[in-house]
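Student:
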Amino acid sequence: MKFLGLVVMALLIGAGGFVLTEFFRSQRLADPTDRCLEAAPSAREAFAAGPMARNGLRVDELTSPQRVETPAGAVPGLTLCKADARFSSGAKDTLWYALVPAAAGDGQFMIHAAPGEMGRRSILTIR
16 MKFLGLVVMA
26 LLIGAGGFVL
36 TEFFRSQRLA
46 DPTDRCLEAA
56 PSAREAFAAG
66 PMARNGLRVD
76 ELTSPQRVET
86 PAGAVPGLTL
96 CKADARFSSG
106 AKDTLWYALV
116 PAAAGDGQFM
126 IHAAPGEMGR
136 RSILTIR
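For the sequence shown, position 51 matches number 66 in the numbering used here, and the numbering has no gaps at all.
Next up, the structure:
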């Protein structure tokens with residue numbers, strides 16, 4: 016009977032440790048690289064909502080994104096990401112996208128996406 020009590024106590028302690036670990040893990044801020052990876056599907060949607068997609072261009076394939084150092088003078092808190100993309104026209108280029116902190120400051124972001132060097136420049140001019 017004592018053995019069964021020890022096993023139950025060990026299971027309770029293990030379950031409590033797991034719950035605490037998950038709680039603290041959910042409270043940490045995501046690494047900026049993780050943010051780029053998590054935002055990749057939203058970047059596709061942002062591109063699909065833009066003017067190039069209205070003219071028939073869409074993203075067919077997107078490689079794993081990378082975080083890029085944000086230049087000085089950009090919006091504070093902006094996370095700049097890039098991924099190689101293959102478009103419906105057959106062209107291959109870099110899809111740039113940025114996570115711009117929402118005005119409320121509650122941890123939410125707006126996403127802007129555009130292809131090529133001109134896309135990067137247009138994203139960095141966001142104020």
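Backbone N, C-alpha and C fix where the C-beta goes; we use that ideal spot for every residue, glycine too.
Exposed or buried, Arg43, counting other C-beta atoms within 10 Å across all chains shown (16 or more means buried)?
Tutor: As a first step, residue 43 is located in the sequence shown; it is residue number 28 there, counting from the start. Residue confidence for Arg43 is low, a pLDDT of 48 falling below 50, so the modelled location carries little weight; the figure read from the coordinates is stated next. Counting Cβ neighbours within 10 Å, Arg43 comes out exposed, since fewer than 16 surround it.
Student: Just to confirm before moving on: does the CB-CB distance between Thr109 and Leu95 stay below 8 Å?
Tutor: Working through the sequence shown from its first residue, we reach residue 109 at position 94. Working through the sequence shown from its first residue, we reach residue 95 at position 80. No; because the gap between Cβ atoms is not below 8 Å, this pair is not in contact.
Student: Work out the CA separation of Ser104 and Arg50 for me, nearest whole Å.
Tutor: Reading the sequence shown from its first residue, position 35 is the one you call residue 50. Reading the sequence shown from its first residue, position 89 is the one you call residue 104. Taking the straight line from one Cα to the other gives about 28 Å.
Student: Can you tell me where the alpha helix (DSSP H) with Glu132 in it begins and where it stops?
Tutor: Mapped onto the sequence shown, residue 132 falls at position 117. It spans 131 to 139 - the alpha helix (DSSP H) in which Glu132 sits, taken as one unbroken run.
Student: Measure the alpha-carbon distance for Val90 versus Leu21 and round it to whole angstroms.
Tutor: As a first step, residue 90 is located in the sequence shown; it is residue number 75 there, counting from the start. As a first step, residue 21 is located in the sequence shown; it is residue number 6 there, counting from the start. Straight-line Cα distance between these residues: approximately 56 Å.
Student: Would you kindly report the start and end of the unbroken alpha helix (DSSP H) that includes Pro116?
Tutor: Indexing the sequence shown from 1 puts residue 116 at position 101. Note, Pro116: premise wrong, no alpha helix (DSSP H); beta strand (DSSP E) at 107 to 116.
Student: For Ala6, which of Val74, Phe62, Ser57, Ala64 has the nearest alpha-carbon?
Tutor: A question about residue 6 goes unanswered here, because the residues of the chain that appear run from 16 up to 142.
Student: Please report the residue range of the beta strand (DSSP E) in which Arg82 lies.
Tutor: Position 67 of the sequence shown, counted from the first residue, corresponds to residue 82. Residues 81 to 83.
Student: Express the C-alpha separation of Gly122 and Pro66 in angstroms, rounding to a whole number.
Tutor: For the purposes of this step, residue 66 is identified with residue 51 of the sequence shown, where counting begins at 1. For the purposes of this step, residue 122 is identified with residue 107 of the sequence shown, where counting begins at 1. Rounded to whole angstroms, Pro66 to Gly122 spans 27 Å at the Cα level.
Student: Rounded to a whole number of angstroms, what is the C-alpha to C-alpha distance between Val115 and Ala54?
Tutor: In the sequence shown, counting from the first residue as 1, residue 115 sits at position 100. In the sequence shown, counting from the first residue as 1, residue 54 sits at position 39. Taking the straight line from one Cα to the other gives about 11 Å.
Student: Does DSSP put Leu52 in a helix, in a strand, or in coil?
Tutor: Position 37 of the sequence shown, counted from the first residue, corresponds to residue 52. Here Leu52 sits in helix by DSSP.
Student: How far does the alpha helix (DSSP H) with Ala98 in it reach, from first residue to last?
Tutor: The residue given as residue 98 occupies position 83 in the sequence shown. Here Ala98 belongs to no alpha helix (DSSP H); instead the beta strand (DSSP E) covers 94 to 102.
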